[in-house]
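Using my numbering, you'd call the opening residue of the sequence shown number 17 and step up by one each time.
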Amino acid sequence: MITKAIQTAATIMNFMLVAGIATNNLAAESNAAQQAVAQPLPVATQAVVEADTIVISATRIPQSIRDLGVSVSVVPRERIEEMQAQNVGDVLKEVTDARVNSYGSMGAESEITLRGSTKQQVLVMVDGRPVNVASVGTADLSLYPIDQIERIEVIRGPGSVLYGAGAMAGVVNIITRDPPEKLTTDLAASYGTKNTRILRLDNGARIGDFGYLIMASQNASDGWRENSACDGYNIAGKLDYDLTQDSRLVLNSGFSRQNKGVPGSTSWPSPNAKQYDEQYWFDLTHKYELATNSYFTGKAFLNQNWQNYKNPDSFTDEISRNQKTGLDLQQTLPLGERQLLLGGIYLENDYVNIRGANDASLIGGNRDLFTGAGFLQDEVALMDALVVTPGLRCDIQSKWGAELSPKISGLYKIIEGTSLKASIGRGFRAPTVDELYWRDDYSVGNPDLKPEESFSYDAGIQQQFGAKSLLEVSLFQSHMKNLIAWYDVDGKGIYTAENINDARLQGLETELSVQFTKEFSGALNYTLLDACDTSGKYDGDTLTYRPKNKVGGRLGYQTKWGLKLNVNADYTDTVYTDRANTTALGGFMTLGAYAAQTVFKRVEIFARGDNILNKQYQMVAGYPMPGASVMGGVKAKF
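See the structure below:
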C-alpha cells in the first residue's frame with residue numbers, strides 16, 4: 017500500500033509541474049470559469065451571512081456559499097464585533113452543530129467538536145496554517161483573540177481530502193484581517209465582572225504597493241474560581257507587498273504569552289498550580305496569477321508552542337515544546353469553461369519535546385513526525401444546474417505509513433435560489449505523540465497505533481430568500497472505526513492507548529439566517545444528534561459529552577443613528593460523562609445580550625451581558641462555568 021501511495025503522490029507532483037506549463041495555452045478558455053470562482057468578498061450586512069458570501073476553505077478556491085456541495089457556516093466580522101467575545105472559542109459557540117467545551121472563565125482551555133466528533137478530529141487553521149499541536153492533537157481556542165479576525169469559516173464533514181490528518185470531522189479556518197486602504201488606528205478598552213480587563217490597539221495602512229497591519233491586545237481577569245486568575249498579551253502583524261500586478265507576497269507573524277492559575281476539577285483541585293503558555297508563529301504566502309484564473313499559491317509556515325505547568329503540591333511538573341514547520345503548494349488549472357482543476361503538494365514536520373520532574377523525558381526523547389501529501393480536486397459543471405467535485409489526497413507519514421482520502425460532493429440547482437447538495441467521503445485522524453509515546457507511572461503510549469478512520473455522507477437542501485436570507489437543512493451520518501482510547505488492559509491501573517472503539521454518528525442540522533428589514537435581523541440553528549457507541553459491551557450506549565439536542569438563536573436590531581441591540585439564547589441538552597451512561601451533566605440554557613451606541617461618528621460605547629439568568633452549569637464534569645457577568649467599554653477609530 018505504501019508503494020502505491022508513493023506512486024500516487026509522485027503522479028500528483030508531476031501533474032503540478034505540467035500544469036504550470038500548460039496554463040498559458042488554456043487561458044483563453046477560462047473567462048467563464050473565472051467569473052464563477054473569483055468573486056470579490058462581499059461585506060455582510062448587520063451580521064447576517066449573505067447568500068453570496070465567499071468561502072475559501074471548502075474547496076481551497078474562493079466560491080459563493082450557495083455554490084458549495086458541503087455544509088459550511090461563516091461568522092463574519094460584523095457578527096464577531098457585535099459579540100465582543102473574549103476569544104475564538106466564545107465566537108464558535110453559536111455555530112451550527114459545534115460544541116465548544118470550555119473549562120471555565122478567561123484563560124481556561126477551550127476546544128471545539130463538530131457533529132459529535134472528538135476534539136482531536138477537528139482541524140483548526142489560521143489563514144490556512146494548521147495550529148493543532150502534535151502532542152495532544154488539539155487547538156486551544158482561548159489563545160486566539162478576536163481583534164485579528166476578518167471571519168471564521170467552519171466546514172462540517174470530513175476534510176481530509178484537502179487537509180489530511182486531523183480534518184476527519186471538519187475544519188475551522190480563522191481568516192485574519194488585511195491591511196486597510198487608508199491609515200487607520202483602532203482603540204478599545206473594556207472592564208467587567210471579576211476585574212476582567214481587555215485592551216486592544218490596531219494600526220494599519222496601505223502605502224503604494226505595500227500594506228501593513230499591526231495588532232496588540234492585553235487581557236486579564238481575577239477568575240471565577242480559586243486559582244483561576246489569568247494575564248496575557250498578544251502581538252501580531254500582517255505585511256503584504258504587490259511584486260507585480262499579478263503577484264503578491266503576504267507575511268504573517270506574531271507572539272503571545274499567557275500566565276494563569278490552573279484550579280483543577282472540583283474533585284481533584286490544584287489550588288497552587290500555574291501554567292505559562294507561549295506561542296510564536298510565522299507564515300509567508302506567495303500568490304501568483306500565471307494566466308487568467310490560473311493561480312499558483314505557495315505558503316511556508318512555522319508554529320512554536322511552549323508550555324510550562326508547575327504544581328508544587330504534586331510531582332506533575334511538565335514542560336512541553338511543539339514545533340510545526342511546513343510547506344503548502346497549490347495550483348488551479350481551468351480546463352475550458354466548465355472544469356477547474358486544483359492540485360497541490362503538502363509537506364509538514366512536527367517536533368515534540370516533553371519533560372517532567374528531574375528533566376526526564378515523558379515521551380522517550382525528542383520526537384519528529386514527517387508528513388508528505390499530494391492532493392487533486394476537479395470541479396466539473398456537468399450541466400448548467402449540476403456541479404460535481406471529486407477529490408483525492410494521499411498522505412504518507414514517517415510513523416503510520418500511507419492513507420488515501422477520497423471525497424465527492426455535488427450541487428444541483430433545482431430553480432433559482434433552491435439547491436440540493438450531497439457529499440460522501442473518507443476521513444482519518446493520526447495518533448498524537450502522547451498516544452504513541454507517553455510514559456509515566458500511570459499511562460503508557462502505544463507506538464503500534466493505527467489512524468482513526470471515518471466514512472461519512474450527508475445530503476441537504478439550501479433555500480435562498482432574497483439576497484440576505486438563507487435556510488439550510490442537512491442530514492448526516494458517519495461510521496468511525498479504530499477510535500483510540502486509553503484502556504486499563506490488565507486491571508493494574510496502568511492505562512495504554514489502543515484502537516478499540518467504533519461509533520456511529522448521525523443527525524439533522526438546520527441553519528437559518530434572515531434579514532427581516534433594514535433594522536431587524538435574526539438567526540436560528542438546531543442540531544439533533546444520535547451519537548452511538550458500537551463497541552463491545554457498550555454497543556448501543558450514547559457517546560460521552562454528545563448532547564442529543566442543541567439549539568441557538570439570536571435577534572439583532574440596528575438603527576441609522578448607530579444603535580445596535582442583540583439578544584442571543586442557547587440550549588444544550590443533557591450529556592453523559594461516563595461510557596456506561598450512569599452519570600450525566602444536566603442540560604442548560606444561557607441568555608446573553610449586547611448593546612452599543614455610536615457617538616461622534618468615530619466612537620462606540622458598548623455593554624455586554626453573559627449568562628444573565630445566572631445559570632449554574634458545567635460543560636466538562638468538575639469544571640463550573642461562570643455565573644452572570646457584565647462587561648462594558650469603549651471603541652474608537654481614527
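Glycine residues also receive a C-beta, built at the ideal position from the N, C-alpha and C atoms. Bear in mind that the values here come from a model prediction, so they are computed numbers and not experimental data.
| Item | Value |
| --- | --- |
| For R163, which three-state DSSP category applies? | According to the sequence as given, residue 163 is Asp; it is not Arg. Looking at D163 - three-state DSSP - the assignment turns out to be helix. |
| Is the distance from the Cβ of V104 to the Cβ of I168 below 8 Å? | yes |
| If you reduce the DSSP assignment to three classes, tell me which class V489 lands in. | strand |
| Since L408 and F391 are thought to touch, with beta carbons under 8 Å apart, how far apart are those beta carbons, to the nearest angstrom? | 7 Å |
| Out of curiosity, what's the CA-to-CA distance linking D329 and K276? | 17 Å |
| Counting C-beta neighbours from all protein chains within 10 Å, is the total for V505 16 or more, i.e. buried, or is it exposed? | exposed |
| Taking the alpha-carbon positions, what's the G85 to N382 distance? | 42 Å |
| Quick check: the segment 547–567 against the segment 587–594, are at least 3 beta-carbon pairs closer than 8 Å? | yes |
| With H, G and I counted as helix, E and B as strand and the rest as coil, what does DSSP make of I508? | Going by the sequence as given, residue 508 is Lys instead of Ile. It is coil, neither helix nor strand. |
| I need the straight-line Cα distance from A483 to Q320, nearest angstrom please. | 42 Å |
| Over the uninterrupted alpha helix (DSSP H) stretch that includes S377, give me the two end residues. | That residue, S377, is in no alpha helix (DSSP H); it is neither H nor E in DSSP. |
| Output the residue ranges of the beta strand (DSSP E) runs that lie fully inside the segment 78–148 and measure 3 residues or longer, sorted by chain position. | 87–92, 114–118, 126–130 and 138–142 |
| Return yes when the Cβ of Q339 is within less than 8 Å of the Cβ of W360, no when it is not. | The identity of residue 360 in the sequence shown is Gly, whereas the question assumes Trp. Contact: no. |
| Answer with buried or exposed for T282, where buried requires no fewer than 16 other C-beta atoms within 10 angstroms of its C-beta. | exposed |
| Taking the alpha-carbon positions, what's the L229 to P196 distance? | 7 Å |
| Determine the burial state of I214: buried for a count of at least 16 other Cβ atoms within 10 Å of its Cβ, exposed for fewer. | buried |
| Rounded to whole angstroms, what's the CA-CA distance from N630 to D474? Just pull it up for me. | 38 Å |
| When the Cα atoms are used, what is the spatial distance from A644 to F226? | 46 Å |
| Which residue from M231, I335, G388 and I72 puts its Cα closest to that of W416? | G388 |
| Express the C-alpha separation of D464 and S377 in angstroms, rounding to a whole number. | 20 Å |
| Hey, how far is the Cα of D411 from the Cα of A181? | 8 Å |
| Would you kindly work out how many angstroms separate the C-alpha atoms of Y587 and N288, rounded to a whole number? | 34 Å |
| Between which two residues does the alpha helix (DSSP H) containing V177 stretch? | S176 to Y179 |
| Cα separation between V646 and A611? | 11 Å |
| Measure from the alpha carbon of M635 to the alpha carbon of each residue in K651, Q137, G372 and S118, then state which is nearest. | S118 |
| What runs of the alpha helix (DSSP H), each 4 residues or longer, lie entirely inside the segment 409–439? | none |
| According to DSSP, is D450 part of a helix, a strand, or is it coil? | helix |
| What does the Cβ neighbour count give for Y179, buried or exposed, with the cut at 16 atoms within 10 Å? | buried |
| With 16 other CB atoms within 10 Å as the buried threshold, where does K198 fall? | exposed |
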